[in-house]
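Presented below is the structure to which this report refers.
In the numbering used here, the protein residues as written are 4 to 131.
Written out as structure tokens, the structure reads:
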């Protein structure tokens, strides 16, 4: 969906076609690059999500941004390449969000305005 400050890819994992009538689970991972265990949490959640029944998948869809801060992950630091805490870089207005959070916000905005039900948004952090 775009590039980090240092030019690393930013990804969204989602259905090819977003179904506006399905309940939508939104998940973010690794706002803080030094919280590597967030990857395990995301992997486990995604594995279980994919195992769910057909009935479940007829009702729910997952929108996943697995690595919000790839530069911080590369350098094993909490902050991105502009020394920002990306978990604190979001604003209701896209124009006031920063760096990688702004790129993800721009990608996510049309999705959240098109779907009818978002029962949960998950922000996966990890410990040291």
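Ideal Cβ positions, reconstructed from N, Cα and C, are used throughout, including at glycine. Just so it is clear, the structure is predicted and the values come from calculations on it, not from any experiment.
Do you know offhand how far residue 109's Cα is from residue 17's?
If I take the Cα positions, the gap works out to 15 Å.
Between the segment 67–76 and the segment 24–39, do three or more beta carbon pairs fall short of 8 Å?
Counting Cβ pairs under 8 Å, three or more are found: they touch.
Hey, how far is the Cα of residue 4 from the Cα of residue 14?
Cα to Cα, residue 4 sits roughly 6 Å from residue 14.
Please list, in chain order, all residues of the same chain as residue 26 whose beta carbon is under 6 Å from its beta carbon, the five residues on each side excluded.
Excluding residues up to 5 positions away in sequence, 62, 63, 120, 122 lie with their Cβ nearer than 6 Å to the Cβ of residue 26 in the same chain.
According to DSSP, is residue 102 helix, strand or coil?
In the displayed model, residue 102 falls within a helix according to three-state DSSP.
Could you compute how far the alpha carbon of residue 129 sits from the alpha carbon of residue 45?
Approximately 10 Å, taken between the alpha carbons.
Looking at residue 90: is its Cβ nearer than 8 Å to the Cβ of residue 102?
Going by C-beta atoms, residue 90 is not nearer than 8 Å to residue 102.
Is the beta carbon of residue 28 closer than 8 Å to that of residue 118?
No.
Residue of 41, 59, 49 minimising C-alpha distance to residue 81
It is 41 whose Cα lies nearest to the Cα of residue 81.
Mind checking which residues open and close the beta strand (DSSP E) that includes residue 149?
Only positions 4 to 131 of the chain appear in the structure, and residue 149 is not among them; the question remains open.
One or two residues paired with residue 111 in a DSSP bridge:
DSSP output for residue 111 lists no bridge partner at all.
Can you check which of these residues, 12, 9, 23, 39, is closest to residue 79 by C-alpha distance?
Of the candidates 12, 9, 23, 39, 39 places its Cα closest to the Cα of residue 79.
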